[in-house]
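Structure first, then comments.
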Amino acid sequence: MHIMEGFLPSPWWQIWFLISAPFLAYGMYQLRQIYEERRETLPLLAVAGAFIFVLSSLKLPSVTGSCSHPTGTGLGAIVFGPFITSVLGLIVLIYQALFLAHGGLTTLGANVFSMGIAGPLLAYGIYRAGTKAGINPFVVVFLAASLADLFTYIITSLQLALAFPAEAGGIMTSFLAFGTVFAITQIPLAIIEGLIIALIFKYIIAVRPDLLVRLDVLSQTAVNRIREAIA
Amino acid sequence: MENILDDYAHTNGLRDVDTRLKLILGAGAILISVSSASPVAPLFIAASMALVTVWLAKIPAAFYSRLLAIPAGFALTSGIVLIFLTGGGVPLWEIQLPGLTLSVTTAAIGLASVVFARTLGGMCSLYFIALSTPMVEMFSVMRSLHLPREFVDLSMLVYRFIFILIGEAIAIHNAQEMRHGYVRFSTSIQSFSMLGAMLFIRSLAKGEDLIRAMDARCYDGKLELISEKRNLSIAGLLCVAGYLTACTLILLSTTDITIVWGNL
Numbered sequence: 024m025h026i027m028e029g030f031l032p033s034p035w036w037q038i039w040f041l042i043s044a045p046f047l048a049y050g051m052y053q054l055r056q057i058y059e060e061r062r063e064t065l066p067l068l069a070v071a072g073a074f075i076f077v078l079s080s081l082k083l084p085s086v087t088g089s090c091s092h093p094t095g096t097g098l099g100a101i102v103f104g105p106f107i108t109s110v111l112g113l114i115v116l117i118y119q120a121l122f123l124a125h126g127g128l129t130t131l132g133a134n135v136f137s138m139g140i141a142g143p144l145l146a147y148g149i150y151r152a153g154t155k156a157g158i159n160p161f162v163v164v165f166l167a168a169s170l171a172d173l174f175t176y177i178i179t180s181l182q183l184a185l186a187f188p189a190e191a192g193g194i195m196t197s198f199l200a201f202g203t204v205f206a207i208t209q210i211p212l213a214i215i216e217g218l219i220i221a222l223i224f225k226y227i228i229a230v231r232p233d234l235l236v237r238l239d240v241l242s243q244t245a246v247n248r249i250r251e252a253i254a
Numbered sequence: 315m316e317n318i319l320d321d322y323a324h325t326n327g328l329r330d331v332d333t334r335l336k337l338i339l340g341a342g343a344i345l346i347s348v349s350s351a352s353p354v355a356p357l358f359i360a361a362s363m364a365l366v367t368v369w370l371a372k373i374p375a376a377f378y379s380r381l382l383a384i385p386a387g388f389a390l391t392s393g394i395v396l397i398f399l400t401g402g403g404v405p406l407w408e409i410q411l412p413g414l415t416l417s418v419t420t421a422a423i424g425l426a427s428v429v430f431a432r433t434l435g436g437m438c439s440l441y442f443i444a445l446s447t448p449m450v451e452m453f454s455v456m457r458s459l460h461l462p463r464e465f466v467d468l469s470m471l472v473y474r475f476i477f478i479l480i481g482e483a484i485a486i487h488n489a490q491e492m493r494h495g496y497v498r499f500s501t502s503i504q505s506f507s508m509l510g511a512m513l514f515i516r517s518l519a520k521g522e523d524l525i526r527a528m529d530a531r532c533y534d535g536k537l538e539l540i541s542e543k544r545n546l547s548i549a550g551l552l553c554v555a556g557y558l559t560a561c562t563l564i565l566l567s568t569t570d571i572t573i574v575w576g577n578l
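As you go down the protein sequences, you meet chains D and R in turn.
Numbering of the first sequence is given in the numbering used here, commencing with residue 24 and proceeding in unit increments.
Numbering of the second sequence is given in the numbering used here, commencing with residue 315 and proceeding in unit increments.
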């Protein structure tokens with residue numbers, strides 16, 4: 024869910040740029056390091072960015088009939104780590120604003136924070152913790168993707184609430200109001216996105232598991248175990 | 315998805331105007347819209363930007379109006395929340411719900427109308443940039459602003475691949491559609507995931523091909539750009555400066571004006 028151009032008043036849009044800046048700077052730093060070590064990762068990251076863009080511009084099958092798109096950054100975080108995903112997220116959001124009229128330029132800071140930083144960090148955390156605990160990988164991917172989606176939408180509601188606190192009850196009331204209004208579309212959307220990312224994961228494991236092993240998402244033994252289980 | 319704004323940007327009427335001028339105009343208009351305290355300046359910007367985009371850049375008016383429906387959904391739902399949430403001024407209308415009272419006040423309507431106008435002004439200015447400036451032109455501007463090299467290179471490659479992957483996605487989607495892949499909700503989920511997975515696998519394969527192609531052409535970690543050195547035209551600069559000054563003057567002279575509702 025993108026905040027549209029012009030919706031966040033000053034000083035809030037500047038504040039969200041400032042909050043996002045250190046995460047993006049760290050992402051750029053990581054990017055530069057990977058780049059120096061193995062320069063062939065640049066094209067790989069480029070296609071990953073394009074993949075996130077295309078995935079997020081596809082219309083999801085939806086029950087409510089509303090027009091909804093996946094965020095796609097959950098998968099990016101699992102595969103490439105959260106900080107590099109935040110740089111990719113920034114690029115994708117600029118293109119979404121300029122090519123698809125989703126989001127905006129002054130609200131870019133806020134949108135990058137909710138979609139490119141907060142969501143991916145949570146997705147990555149859940150994925151790593153879940154794999155370590157030995158939970159079924161599809162369940163872990165489902166949880167990571169759908170909770171990251173929900174978290175993105177909670178952060179967006181919070182961003183709107185901070186900018187427009189309610190007269191009676193302040194930020195909390197306003198947060199609940201924005202949250203409830205968007206929940207109608209966002210909660211089914213998060214579940215659908217979780218399902219779809221988990222299925223995408225399953226298909227990738229079925230066809231080209233070596234890609235995931237090489238990107239250090241899964242170990243070879245884990246792949247073998249999963250392939251036995253779904254065969 | 316097939317209607318990417320960049321396609322229009324390559325053939326629009328303002329294609330040959332200096333990129334920096336268009337960016338200054340668009341970004342300036344956005345900043346004035348966002349910082350306005352009354353709906354007058356953003357509405358003026360929205361109207362003038364829409365006029366410039368449709369009349370000078372020759373973007374089809376029907377397409378443009380359909381484009382404006384995208385932010386409308388978000389602006390309307392959030393606007394309604396704003397009207398009920400914020401307060402101040404004279405209450406106009408109250409709804410009693412168990413546990414809470416929702417009231418609409420003059421100040422709330424004022425705030426919602428300003429936010430709505432800002433969004434409209436901002437979106438029209440954003441559309442102006444998106445529909446009049448092809449992305450390829452922006453890369454040289456990004457370079458001259460000294461953004462990190464890796465970031466600009468990455469953006470260029472992402473841009474290139476977006477079109478390749480969109481082509482793939484459309485082809486896969488059509489093939490699935492012909493095989494009734496999207497007739498029911500459950501099959502839609504299956505088909506969509508299959509599409510996503512194939513897209514992922516193919517993109518990585520394309521990435522590997524690109525590495526080989528770039529290595530074959532002696533890629534040393536730098537992508538060079540050809541950009542013509544052009545001088546800013548004085549007339550263009552004066553037009554942009556004049557327009558932005560006019561907008562600022564409107565902004566400064568209308569700070570106290572809000573939409574007055576009914577007989578107050």
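The C-beta atom is built at its ideal place from N, Cα and C for all residues, glycine as well.
Review point. If you follow the alpha helix (DSSP H) that R516 (chain R) is part of, which residue opens it and which one closes it?
Key: On the second sequence, residue 516 (chain R) is found 202 positions in, with the first residue counted as 1. Segment F499 to A530, the alpha helix (DSSP H) holding R516 (chain R).
Practice item. Indicate whether at least one CB of chain R lies closer than 8 Å to the CB of F103 (chain D). Key: Residue 103 (chain D) sits at position 80 when you count from the first residue of the first sequence. Not one chain R Cβ lies under 8 Å of F103 (chain D).
**Study point:** Amino acids of chain R, ordered along the chain, whose beta-carbon sits closer than 7 Å to that of Y147 (chain D)
**Key:** What you label residue 147 (chain D) is simply residue 124 of the first sequence in a count that begins at 1. Result: empty, since nearest Cβ-Cβ is about 18 Å, beyond 7 Å.
Practice item. Inspect the beta-carbon positions of V110 (chain D) and L479 (chain R) and report whether they are closer than 8 Å. Key: Translated into positions along the first sequence, residue 110 (chain D) becomes position 87. Translated into positions along the second sequence, residue 479 (chain R) becomes position 165. No; because the gap between Cβ atoms is not below 8 Å, this pair is not in contact.
Practice item. For G327 (chain R), go through chain D and note every residue whose CB falls closer than 7 Å to its CB, in chain order. Key: Locating residue 327 (chain R) in the second sequence gives position 13, where the first residue counts as 1. The contacting residues do not exist; G327 (chain R) stays about 18 Å from chain D at best.
Practice item. Return the CA-CA distance between I344 (chain R) and G153 (chain D), expressed in angstroms with no decimal places. Key: Along the second sequence, read from residue 1 onward, the residue named residue 344 (chain R) stands at position 30. Along the first sequence, read from residue 1 onward, the residue named residue 153 (chain D) stands at position 130. A direct Cα-to-Cα measurement between I344 (chain R) and G153 (chain D) gives close to 44 Å.
Check your understanding: Does Y49 (chain D) get closer than 8 Å to chain R when you measure Cβ to Cβ?
Key -> Position 26 of the first sequence, counted from the first residue, corresponds to residue 49 (chain D). Judged by the 8 Å Cβ criterion, Y49 (chain D) is not in contact with chain R.
Check your understanding: Looking at chain D, which residues of the region 336-366 of chain R have a Cβ within less than 8 Å of any of its Cβ atoms?
Key -> Along the region 336-366 of chain R, the positions whose C-beta sits under 8 Å from a C-beta of chain D are A341, I344, L345, S347, V348, S349 and P356, read in chain order.
Check your understanding: I177 (chain D) by DSSP, collapsed to three states: which one?
Key -> Looking up residue 177 (chain D) in the first sequence gives position 154. Note: I177 (chain D) maps to helix in three-state DSSP.
Exercise for review: State the Cα-Cα distance for the pair F174 (chain D) and G97 (chain D), rounded to the nearest angstrom.
Suggested key: Residue mapping note: residue 174 (chain D) aligns to position 151 of the first sequence, counting from 1. Residue mapping note: residue 97 (chain D) aligns to position 74 of the first sequence, counting from 1. The alpha-carbon atoms of F174 (chain D) and G97 (chain D) are separated by roughly 11 Å.
Practice item. Please compile the residues from chain D whose C-beta is within a distance smaller than 8 Å of the C-beta of V418 (chain R). Key: Here residue 418 (chain R) is taken as the residue at index 104 of the second sequence, counted from 1. For V418 (chain R), no chain D residue has a Cβ inside 8 Å of its Cβ, as the nearest lies near 12 Å away.
Check your understanding: Is it right to say V162 (chain D) is buried, meaning 16 or more other beta carbons lie within 10 angstroms of its own, or is it exposed?
Key -> Here residue 162 (chain D) corresponds to residue number 139 of the first sequence, with the count starting at 1. With fewer than 16 other Cβ atoms within 10 Å, it is exposed.
Review point. Roughly how many angstroms separate the alpha carbons of G67 (chain D) and R61 (chain D), rounded to a whole number?
Key: Residue numbering aside, residue 67 (chain D) sits at position 44 when the first sequence is read from its first letter. Residue numbering aside, residue 61 (chain D) sits at position 38 when the first sequence is read from its first letter. According to the sequence shown, residue 67 (chain D) is Leu rather than Gly. Distance from the CA of L67 (chain D) to the CA of R61 (chain D), rounded to the nearest whole angstrom, comes to 11 Å.
**Study point:** Rounded straight-line distance, which links the Cα of G192 (chain D) to that of E482 (chain R)
**Key:** For the purposes of this step, residue 482 (chain R) is taken as the residue at position 168 of the second sequence. For the purposes of this step, residue 192 (chain D) is taken as the residue at position 169 of the first sequence. C-alpha separation (whole angstroms): 50 Å.
Check your understanding: Considering only the beta carbon of each residue, do L144 (chain D) and P105 (chain D) sit closer than 8 Å?
Key -> In the first sequence, residue 144 (chain D) corresponds to position 121, counting from 1. In the first sequence, residue 105 (chain D) corresponds to position 82, counting from 1. Yes, these two residues count as a Cβ contact at 8 Å.
Check your understanding: With 16 as the cutoff for other CB atoms within 10 Å, does A71 (chain D) come out buried or exposed?
Key -> Translated into positions along the first sequence, residue 71 (chain D) becomes position 48. The residue is buried, with at least 16 neighbouring Cβ atoms inside 10 Å.
Exercise for review: Starting from the N-terminal side, write out each stretch of the beta strand (DSSP E) that is 3 residues or longer and does not extend beyond the region 535-569 of chain R.
Suggested key: Within the region 535-569 of chain R, not a single complete beta strand (DSSP E) segment reaches 3 residues in length.
Practice item. Using alpha carbons as the reference points, say which of D:G142, D:Y52 and D:L199 lies closest to S169 (chain D). Key: Position 146 of the first sequence, counted from the first residue, corresponds to residue 169 (chain D). Looking from the CA of S169 (chain D), the closest CA among D:G142, D:Y52 and D:L199 belongs to D:G142.
Check your understanding: Anyone know if the C-beta pair for M449 (chain R) and D320 (chain R) falls short of 8 Å?
Key -> Your numbering for residue 449 (chain R) matches position 135 in the second sequence. Your numbering for residue 320 (chain R) matches position 6 in the second sequence. Closer than 8 Å, so yes.
Review point. So, are the CB atoms of T94 (chain D) and F30 (chain D) less than 8 Å apart?
Key: Position 71 of the first sequence, counted from the start, is the residue given in the question as residue 94 (chain D). Position 7 of the first sequence, counted from the start, is the residue given in the question as residue 30 (chain D). Cβ atoms of T94 (chain D) and F30 (chain D): not closer than 8 Å.
Practice item. Return the chain-ordered ranges of every alpha helix (DSSP H) run that is complete within the region 364-399 of chain R and spans a minimum of 4 residues. Key: Listed in chain order, the alpha helix (DSSP H) runs fully inside the region 364-399 of chain R are 375-399, counting runs of at least 4 residues.
Point to revise | From R:L539, R:I564, R:L566 and R:R544, residue whose alpha carbon lies closest to that of R463 (chain R) | key: Counting from one through the second sequence, the residue named residue 463 (chain R) turns up at place 149. Ranking the options by Cα distance to R463 (chain R), first place goes to R:L539.
Practice item. State the start and end residues of the unbroken alpha helix (DSSP H) segment that holds E28 (chain D). Key: Along the first sequence, one-based indexing puts residue 28 (chain D) at 5. Secondary structure note for E28 (chain D): it is in no alpha helix (DSSP H), with a DSSP letter that is neither H nor E.
**Study point:** Straight-line gap, L357 (chain R) to A560 (chain R) (C-alpha atoms, nearest Å)
**Key:** On the second sequence, residue 357 (chain R) is found 43 positions in, with the first residue counted as 1. On the second sequence, residue 560 (chain R) is found 246 positions in, with the first residue counted as 1. In this structure, the alpha-carbon of L357 (chain R) lies about 13 Å from that of A560 (chain R).
Point to revise | Buried versus exposed, by CB contacts within 10 Å (16 or more), P160 (chain D) | key: For the purposes of this step, residue 160 (chain D) is taken as residue 137 along the first sequence, with counting starting at 1. Classification for P160 (chain D): buried.
**Study point:** Rounded C-alpha distance that separates L390 (chain R) from I397 (chain R)
**Key:** Sequence index remark: in the second sequence, residue 390 (chain R) carries index 76 (1-based). Sequence index remark: in the second sequence, residue 397 (chain R) carries index 83 (1-based). Taking the straight line from one Cα to the other gives about 10 Å.
**Study point:** Cβ-based burial, M195 (chain D) [other Cβ within 10 Å; buried from 16]
**Key:** Numbered from its first residue, the first sequence carries residue 195 (chain D) at position 172. The residue in question, M195 (chain D), is exposed, as its Cβ has fewer than 16 Cβ neighbours within 10 Å.
Check your understanding: How long is the line joining the alpha carbons of K82 (chain D) and S33 (chain D), rounded to whole angstroms?
Key -> By 1-based counting over the first sequence, the position of residue 82 (chain D) is 59. By 1-based counting over the first sequence, the position of residue 33 (chain D) is 10. Each residue's alpha carbon lies about 32 Å from the other.
Practice item. Taking all protein chains shown into account, decide if G266 (chain D) is buried (16 or more other Cβ within 10 angstroms of its Cβ) or exposed. Key: Residue 266 (chain D) lies beyond the range of chain D shown here (24 to 254); nothing can be said about it.
Check your understanding: Would you call the region 223-236 of chain D and the region 440-449 of chain R touching, i.e. three or more CB-CB distances under 8 Å?
Key -> Below 8 Å, too few C-beta pairs join the region 223-236 of chain D and the region 440-449 of chain R to call them touching: fewer than three.
Check your understanding: Which word fits G88 (chain D), buried or exposed, when buried means at least 16 other C-beta atoms lie within 10 angstroms of its C-beta?
Key -> The residue labelled residue 88 (chain D) in the question sits at position 65 within the first sequence. With a pLDDT of 44 at G88 (chain D), under the threshold of 50, the predicted position of this residue should be treated as unreliable, and no value is reported.
Review point. At least one CB of chain R closer than 8 Å to the CB of F136 (chain D): is that the case?
Key: Position 113 of the first sequence, counting from 1, holds the residue named residue 136 (chain D). Cβ-Cβ to chain R under 8 Å: no for F136 (chain D).
**Study point:** Cβ of V163 (chain D) within 8 Å of any chain R Cβ
**Key:** Indexing the first sequence from 1 puts residue 163 (chain D) at position 140. No - not a single Cβ of chain R is within 8 Å of the one on V163 (chain D).
Check your understanding: Are S347 (chain R) and S439 (chain R) close, meaning C-beta to C-beta below 8 Å?
Key -> Numbered from 1 along the second sequence, position 33 holds the residue referred to as residue 347 (chain R). Numbered from 1 along the second sequence, position 125 holds the residue referred to as residue 439 (chain R). Yes; because the gap between Cβ atoms is below 8 Å, this pair is in contact.
Exercise for review: For my contact list, I114 (chain D) and V472 (chain R) are in at a C-beta cut-off of 8 Å; report their separation, rounded to the angstrom.
Suggested key: Residue 114 (chain D) sits at position 91 when you count from the first residue of the first sequence. Residue 472 (chain R) sits at position 158 when you count from the first residue of the second sequence. Taking C-beta atoms under 8 Å as the contact rule, I114 (chain D) and V472 (chain R) qualify, at a distance of about 5 Å.
Exercise for review: Using three-state DSSP, classify E464 (chain R) as helix, strand or coil.
Suggested key: Reading the second sequence from its first residue, position 150 is the one you call residue 464 (chain R). Looking at E464 (chain R) - three-state DSSP - the assignment turns out to be helix.
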